[in-house]
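Here is the structure we will look at.
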Amino acid sequence: MKILINGALWAVLIFILFSACTAAITEPTSTIIVPIEAIRTQSEPVSHIEPIVIPFQNATKVESIPIGCKNLCGDGVCQEIVCLAEGCPCPETSKSCPQDCSQVSPVPPKAPVIALPTQTSIKVVPTETTPIFVDNRPVEFEGIEVTPAISTQVKSVSAQAPVTVKVNVDKQRGSTEIEVEGTVAVTKEILKFENVSLKVETPKGDVAVQVLPNAAIATTISKESQKIENVELKVFNGEPVYKIEGKRDTKLLWIFPVTVPITTHVNAVTGGIEKTEKPWWSFLAQ
Numbered sequence: 068m069k070i071l072i073n074g075a076l077w078a079v080l081i082f083i084l085f086s087a088c089t090a091a092i093t094e095p096t097s098t099i100i101v102p103i104e105a106i107r108t109q110s111e112p113v114s115h116i117e118p119i120v121i122p123f124q125n126a127t128k129v130e131s132i133p134i135g136c137k138n139l140c141g142d143g144v145c146q147e148i149v150c151l152a153e154g155c156p157c158p159e160t161s162k163s164c165p166q167d168c169s170q171v172s173p174v175p176p177k178a179p180v181i182a183l184p185t186q187t188s189i190k191v192v193p194t195e196t197t198p199i200f201v202d203n204r205p206v207e208f209e210g211i212e213v214t215p216a217i218s219t220q221v222k223s224v225s226a227q228a229p230v231t232v233k234v235n236v237d238k239q240r241g242s243t244e245i246e247v248e249g250t251v252a253v254t255k256e257i258l259k260f261e262n263v264s265l266k267v268e269t270p271k272g273d274v275a276v277q278v279l280p281n282a283a284i285a286t287t288i289s290k291e292s293q294k295i296e297n298v299e300l301k302v303f304n305g306e307p308v309y310k311i312e313g314k315r316d317t318k319l320l321w322i323f324p325v326t327v328p329i330t331t332h333v334n335a336v337t338g339g340i341e342k343t344e345k346p347w348w349s350f351l352a353q
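353 is the number that my numbering gives the last residue of the sequence shown; the numbers go up by one with no jumps.
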């Protein structure tokens, strides 16, 4: 069933509802907090850059409580998978902390999210063998079956408070997914997170991204109602730009059903729409 809704307000409302529904059906993940002590207490490199190695383990397999871990039992979050470095939360199970772990699924998630401290600078280079860098040092995550996603906080012009941004690197494709409030943008650019800001490396230097993917999509839909198919963050003329591909089902000459492809370019710094690309015949399909 196809429903055509006109008007910018309705388009934005539909986008919000769609995002909420998408977030609701997303597979649950566990966020593992990595404190600043786990990174900056490791020995500094002498002659060359040494990787920061952060070991992880399922709480049920930890034989003894790690020295220097933080007891967070009672905070409502079961620490099923923990980092074993200094300052990390203590491992929790249904026996050691029943108030937090009584409702935990028997099968823990395989792809946890690693929350790195905002006091550090994070660099993501998807083409590197070790794509995550913290304070200019590569980070290796031990004890996790798949490459974990990285979570951090970012400020934007569309939100008063910092929002959570999740970064997931696809090594095979050499790309990175940027997820904000259920909205995902893909990029092959080098990303940098520092001082609660997101920057993209360009030939002209690092440029701060002021508009996150969710806001860029909202701007696109408010101009013209459409179904978003793909969002890509690219560098054009030295500036980060979202290339948003969508489609709209309508009728040609008010008779023949057609699908109009729409490509919108949104400036990631100003939030303005730079251009919109549609087939030449689209003016006949309203």
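No residue lacks a Cβ here, since even glycine has one placed at the ideal position from N, Cα and C.
Q) Near Q293, what residues of its chain come up, given a Cβ to Cβ distance below 7 Å and the 5 sequence neighbours on each side ignored? A) As a position in the sequence shown, residue 293 is number 226, starting the count at 1. Within the same chain, and ignoring the five residues on either side of Q293 in sequence, the residues whose Cβ sits closer than 7 Å to its Cβ are G313, K314, R315 and I329.
Q: Note down the Cα distance separating S131 from P184, rounded to an integer number of angstroms.
A: For the purposes of this step, residue 131 is taken as residue 64 along the sequence shown, with counting starting at 1. For the purposes of this step, residue 184 is taken as residue 117 along the sequence shown, with counting starting at 1. Distance between the alpha carbons of S131 and P184 is about 25 Å.
Q: Would you give the residue range spanned by the beta strand (DSSP E) that I148 belongs to?
A: Translated into positions along the sequence shown, residue 148 becomes position 81. I148: member of the beta strand (DSSP E) spanning I148 to C150, first to last residue.
Q.
For C155 and I340, I'd like the C-alpha separation in whole angstroms.
A. As a first step, residue 155 is located in the sequence shown; it is residue number 88 there, counting from the start. As a first step, residue 340 is located in the sequence shown; it is residue number 273 there, counting from the start. Roughly 44 Å between the two C-alpha positions.
Q. Between Q166 and C140, what straight-line distance do the alpha-carbon atoms span, to the nearest angstrom?
A. One-based indexing of the sequence shown puts residue 166 at position 99. One-based indexing of the sequence shown puts residue 140 at position 73. Roughly 8 Å between the two C-alpha positions.
Q: Given a cut-off of 7 Å, decide if T250 and P280 are closer than it, judged by their beta-carbon atoms.
A: Within the sequence shown, numbered from 1, the residue matching residue 280 stands at position 213. Within the sequence shown, numbered from 1, the residue matching residue 250 stands at position 183. T250 is positioned such that its CB atom lies closer than 7 Å to that of P280.
Q: State the DSSP-derived secondary structure class of G288, mapped to helix, strand or coil.
A: Residue numbering aside, residue 288 sits at position 221 when the sequence shown is read from its first letter. For the record, residue 288 in the displayed sequence is Ile; it is not Gly. The three-state reading of DSSP puts I288 in helix, counting H, G and I together.
Q: Following the continuous alpha helix (DSSP H) through D167, name the residue where it begins and the one where it ends.
A: What you label residue 167 is simply residue 100 of the sequence shown in a count that begins at 1. First-last of the alpha helix (DSSP H) with D167: P165 to C168.
Q.
To the nearest angstrom, how far is the alpha carbon of V171 from that of K290?
A. For this step, residue 171 is matched to residue 104 along the sequence shown. For this step, residue 290 is matched to residue 223 along the sequence shown. The predicted position of V171 is uncertain, since its pLDDT is 48 and thus under 50; no value can be drawn from it.
Q: Scan the stretch 270-331 and note each continuous beta strand (DSSP E) run of 3 residues or more that stays entirely inside, going in chain order.
A: With a minimum length of 3 residues, the continuous beta strand (DSSP E) runs that stay inside the stretch 270-331 are 272-275, 294-303 and 306-319.
Q | Local conformation of S131 per DSSP, three classes | A | By 1-based counting over the sequence shown, the position of residue 131 is 64. It is coil, neither helix nor strand.
Q: Note down the Cα distance separating E246 from E261, rounded to an integer number of angstroms.
A: As a working mapping, residue 246 is identified with position 179 in the sequence shown. As a working mapping, residue 261 is identified with position 194 in the sequence shown. Taking the straight line from one Cα to the other gives about 17 Å.
Q | Helix, strand or coil at A335 according to DSSP, with G and I counted as helix | A | By one-based count along the sequence shown, residue 335 stands at place 268. Coil at A335, not helix or strand.
Q | Minimum C-alpha distance to A335 - residue among K259, A283 and A126 | A | As a first step, residue 335 must be located in the sequence shown, where it is residue number 268. Ranking K259, A283 and A126 by CA distance to the CA of A335 puts A283 first.
Q) Below 7 Å between beta carbons: does that hold for A182 and S223? A) On the sequence shown, position 115 is the one that residue 182 refers to. On the sequence shown, position 156 is the one that residue 223 refers to. Taking C-beta atoms as the reference points, A182 and S223 fail to come closer than 7 Å.
Q) Can you check whether the CB of E159 is closer than 7 Å to the CB of A126? A) Your numbering for residue 126 matches position 59 in the sequence shown. Your numbering for residue 159 matches position 92 in the sequence shown. Yes. Within cutoff.
(Q) On the DSSP bridge list, what partners appear for D142? (A) In the sequence shown, residue 142 corresponds to position 75, counting from 1. None; D142 has no bridge partner.
Q. Secondary structure at A182, three-state DSSP: helix, strand or coil?
A. By one-based count along the sequence shown, residue 182 stands at place 115. In the three-state reduction of the DSSP assignment, A182 falls in the strand class, which pools E and B.
Q: Apply the 10 Å Cβ neighbour rule to N304 and answer buried if 16 or more other Cβ atoms are within range, or exposed otherwise.
A: To locate residue 304, count along the sequence shown from 1; it is residue 237. Classification of N304: exposed, given that the 10 Å Cβ count is below 16.
**Q.** Through-space distance from S188 to Q227, alpha-carbon basis
**A.** Numbered from its first residue, the sequence shown carries residue 227 at position 160. Numbered from its first residue, the sequence shown carries residue 188 at position 121. If I take the Cα positions, the gap works out to 22 Å.
Q) Does the distance from the C-beta atom of P133 to that of L151 stay below 7 Å? A) Locating residue 133 in the sequence shown gives position 66, counting from the first residue. Locating residue 151 in the sequence shown gives position 84, counting from the first residue. Between P133 and L151, the C-beta spacing is below 7 Å.
Q | Rounded C-alpha distance that separates S163 from V213 | A | Position 96 of the sequence shown, counting from 1, holds the residue named residue 163. Position 146 of the sequence shown, counting from 1, holds the residue named residue 213. Answer to the nearest angstrom: the Cα atoms are 27 Å apart.
Q.
Tell me the DSSP secondary structure of A126 in three-state form.
A. Your numbering for residue 126 matches position 59 in the sequence shown. Note: A126 maps to helix in three-state DSSP.
(Q) Taking DSSP's pairing of strands, which residues face D237 in a bridge? (A) The sequence position of residue 237 within the sequence shown is 170, counting from 1. D237 is bridged to S242.
**Q.** Straight-line Cα distance separating K310 from T337
**A.** For the purposes of this step, residue 337 is taken as residue 270 along the sequence shown, with counting starting at 1. For the purposes of this step, residue 310 is taken as residue 243 along the sequence shown, with counting starting at 1. If you take the alpha carbons of T337 and K310, they lie about 14 Å apart.
**Q.** DSSP beta-bridge partners of S218
**A.** Against the sequence shown, residue 218 aligns to sequence position 151. In DSSP, S218 forms a bridge with A182 and K233.
Q. Looking only at C-alpha atoms, which of T326, E306 and Q353 sits nearest to V333?
A. If you number the sequence shown from 1, residue 333 lands on position 266. In this structure, E306 is the residue among T326, E306 and Q353 with its C-alpha nearest to the C-alpha of V333.
Q. Opposite F260 in the DSSP bridges: which residues?
A. Residue 260 sits at position 193 when you count from the first residue of the sequence shown. DSSP lists I189 and L265 as the bridge partner or partners of F260.
Q) Quick one: is I322 buried, meaning 16 or more other Cβ sit within 10 Å of its Cβ, or exposed? A) Within the sequence shown, residue 322 is the residue found at index 255, counting from 1. The residue is exposed, with fewer than 16 neighbouring Cβ atoms inside 10 Å.
Q.
If I follow the unbroken beta strand (DSSP E) through K342, where does it start and stop?
A. What you label residue 342 is simply residue 275 of the sequence shown in a count that begins at 1. Where K342 is concerned, the enclosing beta strand (DSSP E) starts and stops at I340 to E344.
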